[in-house]
Amino acid sequence: MSFEGKLFDNIVKFKEKIEELSRQDIEKIEKLQEILAKNSIKRKNSFDILRDLKVSGIDGSQISPLKDFGIPFGGVQAARVWIHHGKGDYDIKYKSNIVYESNIEFERFKLEMELVRDCLEISDVVFYDGSLSVLYTMELSESLSRAYRREIDSVLFLSEKYETPVIGYVDRSYIKELGFSIYDSYILADYLNLYEFTNPIETKKSPLLAFYFKSNPTLPARIEIPKWCENLYRKIAEIVYAECVMGSTTGYPYILERAHKYAKIDEKEKSAFVRAVKSFKISFKYLSKMTVF
Numbered sequence: 001m002s003f004e005g006k007l008f009d010n011i012v013k014f015k016e017k018i019e020e021l022s023r024q025d026i027e028k029i030e031k032l033q034e035i036l037a038k039n040s041i042k043r044k045n046s047f048d049i050l051r052d053l054k055v056s057g058i059d060g061s062q063i064s065p066l067k068d069f070g071i072p073f074g075g076v077q078a079a080r081v082w083i084h085h086g087k088g089d090y091d092i093k094y095k096s097n098i099v100y101e102s103n104i105e106f107e108r109f110k111l112e113m114e115l116v117r118d119c120l121e122i123s124d125v126v127f128y129d130g131s132l133s134v135l136y137t138m139e140l141s142e143s144l145s146r147a148y149r150r151e152i153d154s155v156l157f158l159s160e161k162y163e164t165p166v167i168g169y170v171d172r173s174y175i176k177e178l179g180f181s182i183y184d185s186y187i188l189a190d191y192l193n194l195y196e197f198t199n200p201i202e203t204k205k206s207p208l209l210a211f212y213f214k215s216n217p218t219l220p221a222r223i224e225i226p227k228w229c230e231n232l233y234r235k236i237a238e239i240v241y242a243e244c245v246m247g248s249t250t251g252y253p254y255i256l257e258r259a260h261k262y263a264k265i266d267e268k269e270k271s272a273f274v275r276a277v278k279s280f281k282i283s284f285k286y287l288s289k290m291t292v293f
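Numbering-wise (the UniProt record's numbering), the sequence shown opens with residue 1 and increments by one.
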């Protein structure tokens with residue numbers, strides 16, 4: 001979409017174009033129920049749903065490279081929270097690393113995936129805070145794309161081996177896979193009632209399925225699951241519902257709230273990290289020769 005002339009001078013044309021796209025979307029939305037069925041939670045008691053389940057949640061955080069301070073690398077940290085519902089047992093595990101600037105996002109992801117793999121055998125279900133399918137469509141270098149996929153493929157392999165569903169929970173999704181001009185989550189916001197969820201859909205270029213679950217009155221969350229879990233999606237939706245109801249906002253999984261709390265690097269820790277690194281005798285010439293993606 002482009003127009004001749006300055007941006008401000010074309011505001012009216014832009015508005016007309018948006019209205020045209022909206023009309024096209026409305027026509028499609030009216031047929032949405034024909035192509036994407038919706039379901040409701042049958043069991044409402046979250047304690048009954050979660051009783052005796054071993055649930056893990058994984059999240060991560062990072063300190064970006066502080067170039068203004070002459071520090072060309074940062075830190076990554078990930079946390080895993082394991083809870084045996086109804087038994088009172090829980091466990092927390094951390095992983096962390098100091099990484100060079102060019103691959104800090106991947107290093108954080110790698111730590112998170114390590115924690116996912118480590119807990120699959122001891123969990124009934126694992127929550128990951130984020131999307132896995134989006135990594136198959138992002139514009140990345142070939143080597144970095146392969147590295148991401150290796151991490152995901154190994155998680156999916158072990159997930160099926162141990163028959164432990166891995167749930168990628170995306171609180172705010174900006175993916176468009178339903179054929180509309182605006183994001184799927186915005187299209188489905190009015191289509192789904194609270195605690196309703198769609199049937200699974202195929203994701204672009206990835207070995208995952210996704211369905212949308214309305215865990216709060218605003219936008220539905222995107223739930224990503226391995227394809228081997230297709231027949232389990234109703235049970236998974238129940239578990240997501242129960243975790244959300246237990247959360248402090250009743251709209252975000254309790255297990256991920258805990259994981260986020262422990263994974264977060266607060267400002268005090270960041271300041272201490274900067275002071276410590278600045279006091280080290282580090283050869284930045286050596287670091288610059290490190291292999292990066």
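C-beta: ideal position from N, C-alpha, C; glycine also.
Expected contact under 8 Å - CB spacing of residue i and residue j to nearest Å
{"i": "Val-170", "j": "Arg-117", "result": "Actually they are not in contact, since the Cβ atoms of Val-170 and Arg-117 sit about 20 Å apart, beyond 8 Å."}
{"i": "Ser-61", "j": "Gln-77", "result": "6 Å"}
{"i": "Tyr-233", "j": "Ile-225", "result": "6 Å"}
{"i": "Cys-119", "j": "Val-125", "result": "Actually they do not touch by this definition, with Cβ atoms about 10 Å apart."}
{"i": "Lys-214", "j": "Leu-192", "result": "4 Å"}
{"i": "Ala-242", "j": "Ser-46", "result": "4 Å"}
Spatial distance of residue i from residue j (CA atoms)
{"i": "Glu-121", "j": "Thr-137", "result": "29 Å"}
{"i": "Cys-229", "j": "Pro-165", "result": "7 Å"}
{"i": "Met-290", "j": "Ile-104", "result": "Note that Met-290 has pLDDT 49, beneath the 50 cutoff, so the model's placement of it is unreliable and the number below is only indicative. Cα-Cα distance, rounded: 13 Å."}
{"i": "Lys-227", "j": "Tyr-262", "result": "30 Å"}
{"i": "Ser-196", "j": "Gly-5", "result": "It is Glu, not Ser, that sits at residue 196 in the sequence shown. If I take the Cα positions, the gap works out to 46 Å."}
{"i": "Asp-59", "j": "Glu-202", "result": "25 Å"}
{"i": "Phe-73", "j": "Ser-279", "result": "14 Å"}
{"i": "Ile-63", "j": "Ile-223", "result": "27 Å"}
{"i": "Leu-50", "j": "Leu-7", "result": "54 Å"}
{"i": "Val-292", "j": "Val-134", "result": "Note that Val-292 scores 48 on pLDDT, short of 50, meaning its location in the model is unreliable; the coordinates nonetheless yield the value given after this. Their Cα atoms are separated by approximately 22 Å."}
{"i": "Ser-131", "j": "Val-12", "result": "37 Å"}
{"i": "Leu-209", "j": "Ser-248", "result": "28 Å"}
{"i": "Lys-161", "j": "Ile-167", "result": "16 Å"}
{"i": "Phe-273", "j": "Glu-139", "result": "32 Å"}
{"i": "Gly-86", "j": "Pro-65", "result": "42 Å"}
{"i": "Trp-82", "j": "Tyr-90", "result": "5 Å"}
{"i": "Ala-237", "j": "Phe-211", "result": "9 Å"}
{"i": "Pro-200", "j": "Lys-268", "result": "42 Å"}
{"i": "Thr-250", "j": "Ser-96", "result": "30 Å"}
{"i": "Thr-198", "j": "Lys-264", "result": "32 Å"}
{"i": "Arg-108", "j": "Glu-16", "result": "43 Å"}
Endpoints, the alpha helix (DSSP H) within which residue i is located
{"i": "Phe-180", "result": "Looking at the DSSP string, Phe-180 is not in any alpha helix (DSSP H), and its letter there is neither H nor E."}
{"i": "Ile-122", "result": "Run containing Ile-122: none; DSSP gives neither H nor E here."}
{"i": "Lys-161", "result": "142 to 161"}
{"i": "Asp-48", "result": "46 to 50"}
{"i": "Ile-255", "result": "254 to 263"}
Classification of residue i by the beta-carbon crowding that lies within 10 angstroms, buried from 16 upward
{"i": "residue 298", "result": "Residue 298 cannot be examined here, being either before or after the span of the chain that is shown, 1 to 293."}
{"i": "Lys-204", "result": "exposed"}
{"i": "Pro-253", "result": "buried"}
{"i": "Lys-110", "result": "buried"}
{"i": "Ala-276", "result": "exposed"}
{"i": "Arg-146", "result": "exposed"}
{"i": "Pro-217", "result": "exposed"}
{"i": "Leu-115", "result": "buried"}
{"i": "Ala-37", "result": "exposed"}
{"i": "Asp-266", "result": "exposed"}
Residue i, enclosing beta strand (DSSP E) - first and last residue
{"i": "Glu-196", "result": "196 to 198"}
{"i": "His-84", "result": "73 to 84"}
{"i": "Tyr-186", "result": "No beta strand (DSSP E) contains Tyr-186, which is instead part of the alpha helix (DSSP H) from 184 to 188."}
{"i": "Lys-95", "result": "89 to 100"}
{"i": "Lys-54", "result": "54 to 63"}
{"i": "Val-170", "result": "166 to 170"}
{"i": "Lys-38", "result": "38 to 40"}
Near the ligand GDP: residue i beta-carbon under 7 Å from a heavy atom
{"i": "His-85", "result": "You won't find the ligand GDP in this model; it holds no ligand whatsoever."}
query = Where in the segment 209 to 251 do unbroken runs of the beta strand (DSSP E), each at least 3 residues long, occur, reported from the N-terminal end onward?
reply = 221 to 226
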